[in-house]
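Okay, so the sequence shown: first residue is 0 according to numbering that gives the first Met the number 0, each after it adds one.
Note that beta-carbon positions come from the ideal geometry of N, C-alpha and C, so glycine has one too.
Input: a single structure, listed below in structure tokens.
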Amino acid sequence: MAPQVSIIGSGNAGLTAAYHFSLQGANVCLFGAKGFDQPLADIEARGGIEALSSFNDVPLTYAGFQKIDKVTRELKEAIAYSDLLILPVPSFAQEPLFIEMLPHLRDGQIIMLMPGNYGSLVLNRIKQDQGYADLDITFVDAISIPWATRIVGPAELAILGMKEFLPVAALPASKTQEAIARLQPVMPLPLTALDNVISAGLENINFGGHPLLTTLNMGLLENYDGQFNYYKDCCSISTAKAAAVMEQERQAVGKALGLTLTPELDAMNALYAMECETVYEVNRTSETHGKLNSAPNSAGNRYITEDAAFLLVPCFEFGQLAGVATTMVTSCLHIDNAYNDTNYFEQGRTLNKMGLSGMSVQEIMDFVA
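Next comes the structure, spelled out in structure tokens:
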């Protein structure tokens, strides 16, 4: 019998997950919330999802057409469909979506967040606060989504590439291997275990490249409406040096927490099967990233509103707790605050929102173990 999986979210990653999980032989239920259900109507009209064989004259992999077992606008129906619930949604959508899901969840279900960005910790706190402490569900944080992908037409995808593997961790970490065993049959790539969900947040490869390079290039990105190849055009010798300093800060925070983090260069080479000698070379030569001829065109792009708020802020907070200076991270956040008239130090993913306020480093590590 084919495994069943529910995908909660109908954006780029949600449709790609529905297509690729179906391609893997799984039965898929795809949920789209009100206001975000046009992709469902497109799928219903076409009878499925198409992945293109080429886009902008660039050949693509994973081409084909897949019917989707069920599309629904009812969250209760999607949750009832499977014990495997995949949420490939932006970090800011995790909390309201989970609150709506809570009354319909049942013991034994897995909720996988792609990307996690410490979402497991936030949702676990909400579960307690909302009176569902006895609900036995397992949260899993992935470092990112598996694909570089875009919706380019009605029920039509351009899958530009896919990682070689996807690092994940469960909350608690003692359940990671069990969760991987249950999730692996529907996934189109190997899942590998990380130490814990804090490691999963710090290992998100968007950490250095997205918020910092976007912040440093904002003038040109805004004035030219993002008409760039982001990775090639926004990474220069000098911006790569700044990113290297931010990488040193990430590594220092990880070390202070007792974690051994994979260096960014090693992670990029492994995830995308490359042999680059510098992160600058990665950005300039990666075939997967080079296919994407687009870039942010404002400070309201998720490279700041998500990646700064939900990746840099936690790093800053863990650094503060552990006594590690994060000057580049802090500077980037101050500039992004000015860009967007906000305070990410308060609005971002803080220790308090993760349910970790008042804990020592050791108490936090014990909590997520």
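- Counting C-beta atoms within 10 angstroms of its own C-beta, P38 has 16 or more neighbours from the protein chains shown and is therefore classed as buried.
- The Cβ atoms of L311 and I363 lie no closer than 9 angstroms to each other.
- A contact between stretches requires three or more CB pairs, one per stretch, nearer than 8 angstroms, and the segment 207-218 meets this requirement with the segment 296-311.
- Restricted to the segment 161-220, the beta strand (DSSP E) segments that are unbroken, complete and at least 3 residues in length are 165-170, 190-192, listed in chain order.
- Distance from the CA atom of E155 to the CA atom of I48, rounded to whole angstroms, is 6 angstroms.
- H209 is positioned such that its CB atom lies closer than 9 angstroms to that of D306.
- Rounded to the nearest angstrom, the gap between the Cα atoms of S81 and A157 is 27 angstroms.
- DSSP places M364 in the uninterrupted alpha helix (DSSP H) bounded by 360-367.
- F30 is bridged by DSSP to I7, T71.
- For A44, the enclosing alpha helix (DSSP H) begins and ends at 37-45.
- Counting the other CB atoms within 10 Å of its CB gives T148 a total of 16 or more, which places it among the buried residues.
- Per DSSP, A242 is one residue of the alpha helix (DSSP H) stretching across 236-255.
- Contact annotation: I204 and E263 have beta-carbon atoms nearer than 9 angstroms.
- A distance below 7 angstroms between beta-carbons, with the five flanking residues on each side excluded, links P171 to the following residues of its chain, in chain order: V367, A368.
- By the criterion of a C-beta distance shorter than 7 angstroms, T71 is surrounded in its chain by C28, F30, A77, once the five residues flanking it on both sides are discounted.
- Under the DSSP assignment, V139 falls in the beta strand (DSSP E) whose first and last residues are 137-141.
- Bridge partners of G152 according to DSSP: E155.
- Residues G47, I48, E49, A50 of the same chain have their beta carbon placed closer than 8 angstroms to that of F64, with the five preceding and five following residues left out of the count.
- Annotation for V88: G8 place their beta carbon closer than 6 angstroms to its own, counting only its chain and skipping 5 residues before and after.
- In the three-state reduction of the DSSP assignment, S119 falls in the helix class.
- Taking C-beta separations shorter than 6 angstroms and ignoring five residues to either side along the sequence, the partners of G347 in its chain run A308, V312, following chain order.
- In terms of Cα proximity to G107, the closest of C275, F227, Q127, E177 is E177.
- With the rule of 3 Cβ pairs closer than 8 angstroms, the segment 181-193 counts as touching the segment 158-169.
- With a threshold of 16 other beta carbon atoms within 10 Å, D340 falls short and is exposed.
- Under the Cβ criterion (8 angstroms, minimum of three pairs), the segment 324-331 does not count as touching the segment 93-108.
- Taken through DSSP and simplified to helix, strand or coil, Q93 comes out as helix.
- L355 and S119 have their C-alpha atoms spaced approximately 12 angstroms apart.
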